[in-house]
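Enquirer: Under full-length UniProt numbering, the residue at position 282 of the sequence shown is numbered 282, and the numbers go up by one with no gaps. Every residue, glycine too, gets a C-beta built ideally from N, C-alpha and C. Values in this document were obtained by computation on a predicted structure and should not be read as measured data.
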Amino acid sequence: MSSQSLYKVSGDIAANALVNNDKYKTMYQESIVNPEGFWREHGKRIDWIKPYTKIKKTSFDDHNLSINWFYDGTLNASANCLDRHLAEHSDRVAIIWEGDNAREQRKITYGELHADVCKFANALRSQGVCRGDIVTIYMPMVPEAAVAMLACARIGAVHSVVFGGFSPDSIATRVIDGKSKVIITSDEGMRGGRAIPLKRNVDDALKNPDVTTIEKVIVLKRTGGKVDWQEGRDIWWHALMETASEHCQPEEMDAEAPLFLLYTSGSTGNPKGVLHTTGGYMVYASMTHEYVFDYKAGEVYWCTADVGWITGHSYMVYGPLANGATVLIHEGVPNHPSPARLGEMIDRHKVNILYTAPTLIRALMAEGKQHFDKFDGSSLRIMGSVGEPINPEAWRWYHEVIGHEHCPIVDTWWQTETGGILIAPLPGATDTKPGSATRPFFGVQPALVDNMGNILNGENEGNLVLLDSWPGQMRTIYGDHERFVLTYFKTFRGMYFTGDGARRDEDGYYWITGRVDDVINVSGHRLGTAEVESALVSHELVAEAAVVGYPHDIKGQGIYAYVTLTRGTEETEELRQELRQWVRKEIGALATPDLIQWATGLPKTRSGKIMRRFLRKIAANEVTNLGDASTLADPAVIETLIESRLNRT
Ligand code: PRX
């Protein structure tokens, strides 16, 4: 690594930061050598109803798996995000909201947010929601999404947020898995100037005969668009709020009581319900938010993620609100109506910290710098990146055009499963290198292993694993603990396997190279290739399908599908479009295949297993060195696929 690629921590930033390099080293060392002592101290950043005395009982042994943190303490997550700020900061703005249309603006103080959450918590109770019930939330990016989540937490209900871009079928699978009785939605959502029919999607999901548990649908009136109404089942949010009391005592929850479920894609099968619990998660989300973004009281913090993803949970709601931050929430997309929107919003709201994804940066880059000619950006201090590897060109563009070369970039690596950031620079401590997530957060022990599970030392490349637990770790896959153990702890015994590959350089910095399993990352959205395949084969004209990711300039990875049609079906452009629409309808727009190649045959071993590495290479247009095809049942298939490949860039 040449010294030119090293961006040194500036003296100014280090002097005022929470942590400088020496302090990082001391704290990290302590967190590894004495985790009990370290977390005993840092667990206090959260208000406990009954303080913990027990800190950590964890084991990654697959026969004896246990993950428990602060496990004799009790607390309430919503009280930590709201009540504890009231004495001194009731008038501080908790949420600044800007609509898809910039003329719509709202500001909500901590006092007001507390009142809304209490009222909605009572409203939920009035609809029969009890401690431990799973409530599905399918909402646009409005403050009420956070209100709904915090209201669940207040009464000990477990929320399961479904991303607003998902289809009725995807809502149905999640509702069925969680046996939800109540779903909270909105008439419509607004995104990029378009109305998204959220209520209609919910209605369609509930028509699925396997959805049998839903008793109530609570509907927020966002646009006033026309909706169908089922008397007795559907209730307006505002009607419930009108009569609800502003007083609601927070439930006392065990540290290990479930806080939320969030479904995410794996290599196989349906999306998994990742379960996070209360105490460790709150400590970890709030601590990483404060340290990684070097958050200072009074600063305006903007995370562009949707609330339907883990980033929206940990770094738009729980982490920042626990820290008393002022959070900017944007309903739409930051490059609509023009790429200038991002800069305009930063200037309009004097944003100090921005947290976004490489795919947005690449999209803005492609539009050209001129959209930032009027951008002032002087409020901006720290910038984050999340969700996928950031290529050095995008990193530099972000640094120059948005950060005006003086804002440290924190490239944060983590996962739905990890609950919070695991590898990232700290602004006042870590010199950065474009494309590297750099060093582990406190208490995090990454390692690289070869395919046999041997630990690799020094400069090396391998599978990224974690050797010990951290408080924000997921505790199980809802309803399928065996799958949890199998997915994360059996590949490499005694270690948590992330599914990612990584390289470690001479400075001990980590460079995430991407997934090593059958998960793809499209615009920072995680998808299982198996899910897209199963959507494709559910079409009556599709006999077989194999899906892989391929490098895509803006999205990071695009979706490349090889499709074998049923005998006698004609391979037409119309059918190709129909299949794209089909997948979109089955899963959601984010799963729409970019390229569909007709394949009369797929490369299979004699036992019938599809050899995906060939398909990945052909999709990536890397066709000169495909490797040994001798184990294939019919090696000639490869030549045919190469000839008709679609990505020739
Ligand atoms: O492959 C890694 C990639 O996103 C995956 C996790 O996706 P998800 O659970 O949806 O969570 C995304 C938001 C935390 C990881 O396994 N990933 C996430 N952040 C980075 C990343 N890859 C490289 N660099 C990152 N900063």
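Going by C-alpha distance, which of Met-149, Ala-115, Gly-37 is nearest Met-141?
Expert: Of the listed residues, the one whose Cα sits closest to Met-141 is Met-149.
Enquirer: What number of angstroms, rounded off, separates the C-alpha of Gly-588 from the C-alpha of Ile-196?
Expert: C-alpha separation (whole angstroms): 12 Å.
Enquirer: Can you give me the start and stop residues for the beta strand (DSSP E) that Trp-48 sits inside?
Expert: That residue, Trp-48, is in no beta strand (DSSP E); it is neither H nor E in DSSP.
Enquirer: Assign His-85 to buried or exposed, taking buried as 16 or more other Cβ atoms, counted over all protein chains shown, within 10 Å of its Cβ.
Expert: Buried, by the Cβ-count rule.
Enquirer: By DSSP, does Phe-260 sit in helix, in strand, or in coil?
Expert: In this structure, Phe-260 counts as strand in the three-state DSSP scheme.
Enquirer: Per DSSP, what are the beta-bridge partners of His-159 in this structure?
Expert: According to DSSP, His-159 bridges with Val-135, Phe-260.
Enquirer: Does the Cβ-Cβ distance between Asp-505 and Glu-459 come in under 7 Å?
Expert: Result yes, Cβ atoms of Asp-505 and Glu-459 sit closer than 7 Å.
Enquirer: Is it the case that the Cβ atoms of Cys-303 and Ala-121 are separated by a distance below 7 Å?
Expert: Going by C-beta atoms, Cys-303 is not nearer than 7 Å to Ala-121.
Enquirer: Report whether the distance from the Cβ of Ala-437 to the nearest heavy atom of the ligand PRX is below 6 Å.
Expert: Yes, Cβ of Ala-437 sits closer than 6 Å to a heavy atom of the ligand PRX.
Enquirer: Hey, out of Ile-46, Ser-436, His-63, Arg-606, whose CA is closest to Asn-391's CA?
Expert: Ranking the options by Cα distance to Asn-391, first place goes to Ser-436.
Enquirer: With DSSP as the reference, label Ala-447 as helix, strand or coil.
Expert: Ala-447: strand per DSSP, three-state reduction.
Enquirer: Using a Cβ-Cβ cutoff of less than 7 Å, which residues in the same chain neighbour Ile-618 once the five nearest sequence positions on both sides are dropped?
Expert: The answer, listed in chain order, is Leu-641, Ile-642, Arg-645.
Enquirer: Tell me whether Gln-29, by its Cβ, gets closer than 6 Å to a heavy atom of the ligand PRX.
Expert: The answer is no for Gln-29.
Enquirer: Say the cut is 6 Å; is the CB of Val-386 nearer than that to a heavy atom of the ligand PRX?
Expert: Correct: Val-386 has its Cβ closer than 6 Å to the ligand PRX.
Enquirer: Measuring only from the beta carbon, is Thr-326 closer than 6 Å to any heavy atom that is part of the ligand PRX?
Expert: The answer is no for Thr-326.
Enquirer: Determine the closest residue to Gln-445 out of Gln-29, Glu-98, Ser-180, with distance taken between C-alpha atoms.
Expert: If we check each option's Cα against that of Gln-445, Gln-29 comes out closest.
Enquirer: Mapping DSSP to helix, strand and coil, what is Arg-194?
Expert: In this structure, Arg-194 counts as strand in the three-state DSSP scheme.
Enquirer: Buried or exposed for Ala-15, please, with buried defined as at least 16 other CB atoms from any protein chain shown within 10 angstroms of its CB.
Expert: The residue in question, Ala-15, is exposed, as its Cβ has fewer than 16 Cβ neighbours within 10 Å.
Enquirer: Which residue comes first and which comes last in the alpha helix (DSSP H) that contains Ala-79?
Expert: Looking at the DSSP string, the run of the alpha helix (DSSP H) that includes Ala-79 is 77-81.
Enquirer: According to DSSP, simplified to helix, strand and coil, what is Arg-222?
Expert: The answer is coil: DSSP assigns Arg-222 none of H, G, I, E or B.
Enquirer: Ordered along the chain, which non-local residues of its own chain (more than five positions away) have a Cβ less than 7 Å from that of Ala-145?
Expert: Excluding residues within five positions, the ones whose Cβ falls inside 7 Å are Ile-137, Met-139, Val-307.
Enquirer: Ala-151 to Asn-454, Cα distance in whole Å?
Expert: Straight-line Cα distance between these residues: approximately 46 Å.
Enquirer: Going by C-alpha distance, which of Pro-593, Pro-471, Thr-631, Pro-320 is nearest Ala-297?
Expert: Nearest of Pro-593, Pro-471, Thr-631, Pro-320 to Ala-297, Cα basis: Pro-320.
Enquirer: In whole angstroms, what separates the C-alpha of Asp-210 from that of Ile-176?
Expert: If you take the alpha carbons of Asp-210 and Ile-176, they lie about 7 Å apart.
Enquirer: If contacts are defined as beta-carbon pairs under 8 Å, then Val-217 and Ile-171 qualify, I think. What distance do you get, rounded to the angstrom?
Expert: The pair is not a contact, with the Cβ atoms about 11 Å apart (cut-off 8 Å).
Enquirer: Thinking just about the alpha-carbon of each residue, which of Asp-431, Ala-123, Asn-323 is nearest to the one in Val-219?
Expert: Among Asp-431, Ala-123, Asn-323, the Cα nearest to that of Val-219 belongs to Ala-123.
Enquirer: For the candidate residues Val-9, Val-93, Pro-258, whose alpha-carbon lies nearest to that of Asn-76?
Expert: Nearest of Val-9, Val-93, Pro-258 to Asn-76, Cα basis: Pro-258.
Enquirer: Within 10 Å of its beta-carbon, does Asp-518 have 16 or more other beta-carbons around it, so buried, or fewer, so exposed?
Expert: Buried is the call here.
Enquirer: What are the start and end residues of each continuous alpha helix (DSSP H) run of 4 or more residues lying completely inside the stretch 257-338, in chain order?
Expert: Complete alpha helix (DSSP H) runs here, min 4: 279-292, 319-322.
Enquirer: Do the CB positions of Leu-18 and Asp-431 come within less than 7 Å of each other?
Expert: No, Cβ-Cβ distance for Leu-18 and Asp-431 is not below 7 Å.
Enquirer: Taking a contact to mean a Cβ-Cβ separation below 7 Å, would you say Gly-178 touches Ser-314 in this structure?
Expert: Not in contact: Gly-178 and Ser-314 (Cβ atoms no closer than 7 Å).
Enquirer: Looking at C-beta atoms only, is the number of pairs between the stretch 284-301 and the stretch 54-66 that lie closer than 8 Å three or more?
Expert: No, they do not touch.
Enquirer: Quick check on Phe-497: does DSSP put it in helix, strand or coil?
Expert: Reduced to three states, the DSSP call for Phe-497 is strand.
Enquirer: Beta carbon of Ile-346, beta carbon of Leu-380: below 7 Å?
Expert: Contact: yes.
Enquirer: Is Trp-413 a contact residue of the ligand PRX, with contact defined as CB to any heavy atom under 6 Å?
Expert: The answer is yes for Trp-413.
Enquirer: Between Tyr-355 and Thr-438, how many whole angstroms is the CB-CB distance? I'm expecting something under 8 Å.
Expert: Going by Cβ atoms, the distance from Tyr-355 to Thr-438 rounds to 16 Å, so no, they are not a contact pair.
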